[in-house]
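S.K.: Read top to bottom, the protein sequences are chains A and B.
First residue of the first sequence: 196, per the working numbering; consecutive thereafter.
First residue of the second sequence: 196, per the working numbering; consecutive thereafter.
Protein chains: 2
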Amino acid sequence: MTGDARISQLKPGRRTDIRRENERVILDAAEKVFAEAGFGGATMQLIADMAGLPKANLHYYFATKEDLYRRVVQQIFEIWLNAAMLFDAAPGPVEGIGGYIDAKMDISRTHPSGSKVWASEVMHGAPVIQDYLETTLRDWTDGRIAVIQAWIDDGKMRPVNPRHLLYLLWATTQHYADFGHQIQTLNDGAPLSDRQWAEAKASVKDMVLRGIGAI
Amino acid sequence: MTGDARISQLKPGRRTDIRRENERVILDAAEKVFAEAGFGGATMQLIADMAGLPKANLHYYFATKEDLYRRVVQQIFEIWLNAAMLFDAAPGPVEGIGGYIDAKMDISRTHPSGSKVWASEVMHGAPVIQDYLETTLRDWTDGRIAVIQAWIDDGKMRPVNPRHLLYLLWATTQHYADFGHQIQTLNDGAPLSDRQWAEAKASVKDMVLRGIGAI
DNA sequence: TCGTTTCCTGACCGTATGGTCAAGGTGAAG
DNA sequence: CTTCACCTTGACCATACGGTCAGGAAACGA
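What follows is the structure, encoded as C-alpha cells:
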C-alpha cells in the first residue's frame, strides 16, 4: 500500500516526472473510458478509479472534463499522422498503400480505444477537433491525393478516384478497431488471433491492391 | 424532416393513430439526438424539444431512456437487414455485391443518423443489441459467406476471404454515413452533391469488384 | 348526456455529476 | 531547520438529469 508502484523512477524523481507520469496515467485511463462510454457517458469518477487516483487529483492536472477529452483526441490524431508518413517514402502503390494498410491495421490492434474516441468525436460533428480537420487533415489528404495521382500518371496503378480510395482505406482499417466488438462476436466471442490478424491484413491488402490495379 | 405539424389527421383521428404518430415523432427525434450526442450525451429534454413535446409525454410512450434507445437501435437493425436481401436474388457478384454496395450507400445517405447510432452502440460494446449480433447478424453473415464462397467455387470471382470482404463492404459503405462530417469538411464544408454521391458509389463498386476479380 | 379510457403536462424529487476548496503532505534548495 | 513550490485529497456545492405523479383535457362508446 505504501510502496506505490505507480512511480518507478530510480534516480531523478523530479517534480516534472511526477507530473508527466500522472498525466500519462490519467490520459491512458481517460482514453479507455471515453472509448467505452463516449464523452457524455464517461464520468470523471470512472476515469479516476481506472487511473487509481482521487477525482480531485484529475482536476489538478486537467481543469475540466473537456480539457482532458481534448488532450486525448489530440494524442490520437498524432498517432494517425505518424502512421501516415509511410506513404511518402514509397516508390509506388504496392509499398506505399500496402505499407499504409499494414500500419493502420497495426494501430487498430494496438490502439483500439484511440480509434474509437476519434470515430466518436467525428460522428458527433467534431466539436473539439474541427480545426484539425480543416487544416492538418485537409492538407495531408490533398498531399496524399497528389501522390496517388502521380502513381496513376506513371502507370503504376489504375486510374481510380484517389479521394474515395483514401476513404476506403480509412474505413476498412479503422473498422477493425471501431467495430472490434462486432468482429469478435462474429469470431465466436474470441479476439482475433495473431494468425487471424495476419489473414485480415493480407486480405485487405490483396483486395485493395488488386482493386486499384497495383498488382 | 420532423415537421412540427405533429398531427395532420383529418378524418379518423383514431387513438391508435395518435399513439403511432407520436411514437414516430419521438423515435425520429431520438434517432437524431442519440446520433449527435451519443447515449450518454443525449437528454430526454433534448429529444423532447426536438420532437416538440413536453418531456413528461415521452415517458408516457417510452418508460425509460433506455427503452427509447433500444427501439431506435432495433429500428436501424431492420433497415440493415432489408438492404441485405439484395444479396440473395443475384446470379453473381457483380449484381449481388454491386447491388449491395448501391443499397448500403443509399442508406448511408438517407439514414446517416441510424448508421451512427448503430456504430456508437457497437463501439460501446453493444450493451443493448448483443443478442442480435450473436443470432441474427451471425446467421446472416454465415449465409452470405456461403453465397460468396459458391460464387468463388463457380469461378465467378477470385478466391478472397469472404468474411473480410464483408467487413470491407460494411466499413466502406457505412463510412460515408458515420464519417459524413469529416467527408463534408474535406469537401469544402459542403455535403456531397448528387453527382459526388454517384461518383462515390461508382468508385467503391469499381475498386471492390475489381479487387475481387468480378470484373 | 354520461362514463370510461386514453392522452397530456406542470411541478416535483432523489440522485449523480462536474467542479471547488481549504487544509495538509512532500521533497528539495538554502 | 526553514522555506517554498508543488502535489494530494476528503468534503462540499450547485446543477442537471431521469423519472414520477396527480390532476385535468380529449376522445370515444352508449
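Glycine included, C-beta positions come from ideal geometry on N, C-alpha and C.
These figures come from a predicted structure and were not determined experimentally.
(1) Determine contact between the stretch 226-240 of chain A and the stretch 253-266 of chain A, defined as no fewer than three beta-carbon pairs at a distance below 8 Å.
(2) Check whether the stretch 302-309 of chain A touches the stretch 265-285 of chain A, counting contact only when three or more Cβ pairs, one atom from each stretch, lie closer than 8 Å.
(3) Should Y255/A go down as buried or exposed, given a rule of 16 or more other Cβ atoms within 10 Å for buried?
(4) When burial is assigned at 16 or more other CB atoms within 10 Å of the CB, is L381/B buried or exposed?
(5) So the alpha helix (DSSP H) H376/A belongs to, where does it begin and stop?
(6) Are the CB atoms of H359/B and S398/A within a distance shorter than 8 Å?
(7) Can you give me the start and stop residues for the alpha helix (DSSP H) that E290/A sits inside?
(8) Leaving out the 5 sequence neighbours to the left and right, which residues in its chain are closer than 6 Å to A200/A when beta-carbon positions are compared?
(9) Please state whether the Cβ-Cβ distance between M402/A and V355/B is less than 8 Å.
(10) Report the neighbours of M239/A on chain B: residues whose CB is nearer than 9 Å to its CB, in chain order.
(11) Between the C-alpha atoms of M352/A and A395/B, what's the straight-line distance to the nearest angstrom?
(12) Using three-state DSSP, classify H319/B as helix, strand or coil.
(13) If you run the structure through DSSP and keep just helix, strand and coil, what is N356/A?
(14) Using a Cβ-Cβ cut-off of 7 Å (strictly less than) and excluding sequence neighbours within five positions of I347/A, which residues of its own chain qualify?
(15) Measuring only between beta-carbons, confirm whether W141/B sits less than 8 Å from chain A.
(16) Using the beta-carbon of each residue, which ones in chain A are nearer than 8 Å to V228/B?
(17) What separation, rounded to the nearest whole angstrom, lies between the Cα atoms of R219/B and L387/B?
(18) Counting only beta-carbon atoms, is Q377/A nearer than 8 Å to chain B?
(19) From H319/B to D283/A, what distance separates their C-alpha atoms?
(20) By the three-class DSSP mapping on this structure, what secondary structure does R347/A have?
(21) Quick one: what's got a C-beta closer than 6 Å to G233/B's C-beta in the same chain, skipping five residues either side?
(22) Answer yes or no: do H370/B and Y371/A have a C-beta to C-beta separation smaller than 8 Å?
(23) Only counting runs of 4 or more residues, tell me where the alpha helix (DSSP H) segments fall wholly within the stretch 199-271 of chain B, in order along the chain.
(24) Between the beta-carbon of G293/A and the beta-carbon of K400/A, is there less than 8 Å?
(25) Mind pulling the chain A residues with CB within less than 7 Å of N399/B?
(26) Give the secondary structure of G338/B by DSSP, where H, G and I count as helix, E and B as strand, and everything else as coil.
(27) Go to A395/B, then tell me how far its alpha helix (DSSP H) extends in each direction, as first and last residue.
(28) Counting contacts by CB-CB distance shorter than 8 Å, is H370/A in contact with chain B?
(29) Does the separation of the CB atoms of V228/B and H376/A fall below 8 Å?
(30) Rounded to whole angstroms, how far is the Cβ of L253/B from the Cβ of I213/B, which I believe are closer than 8 Å?
(31) Quick one: is S315/A near chain B, going by C-beta distance under 8 Å?
(32) For a test of the three-state rule: what should DSSP assign to A409/B, helix, strand or coil?
(33) Once the 5 residues before and after L328/B are set aside, which same chain residues still bring their CB inside 7 Å of it?
(34) When DSSP labels each residue in this structure, what does A278/A get in the three-state scheme?
(35) According to the neighbour-count rule (16 or more other Cβ atoms, all chains shown, within 10 Å of its Cβ), is T367/B buried or exposed?
(36) Quick one, are the C-beta atoms of I343/A and P357/A less than 8 Å apart?
M.R.: According to the structure data:
(1) yes
(2) yes
(3) exposed
(4) buried
(5) G375 to L381
(6) yes
(7) P288 to T305
(8) Reliability of the predicted coordinates at A200/A is poor, the pLDDT of 30 falling under 50, and no value is obtained from them.
(9) yes
(10) Result: empty, since nearest Cβ-Cβ is about 13 Å, beyond 9 Å.
(11) 19 Å
(12) coil
(13) coil
(14) P354
(15) Nothing about residue 141/B can be reported from this structure: the residues present for chain B run from 196 to 410 only.
(16) Correct list: empty, because the minimum Cβ distance to chain A is about 11 Å.
(17) 28 Å
(18) yes
(19) 35 Å
(20) For the record, residue 347/A in the displayed sequence is Ile; it is not Arg. I347/A: helix per DSSP, three-state reduction.
(21) S315
(22) no
(23) 210-236, 239-246 and 250-256
(24) yes
(25) It is worth fixing the name first, because residue 399/B is Val in this sequence and not Asn. Result: H359 and L363.
(26) helix
(27) D389 to G406
(28) yes
(29) no
(30) Going by Cβ atoms, the distance from L253/B to I213/B rounds to 15 Å, so no, they are not a contact pair.
(31) yes
(32) coil
(33) A321
(34) helix
(35) buried
(36) yes
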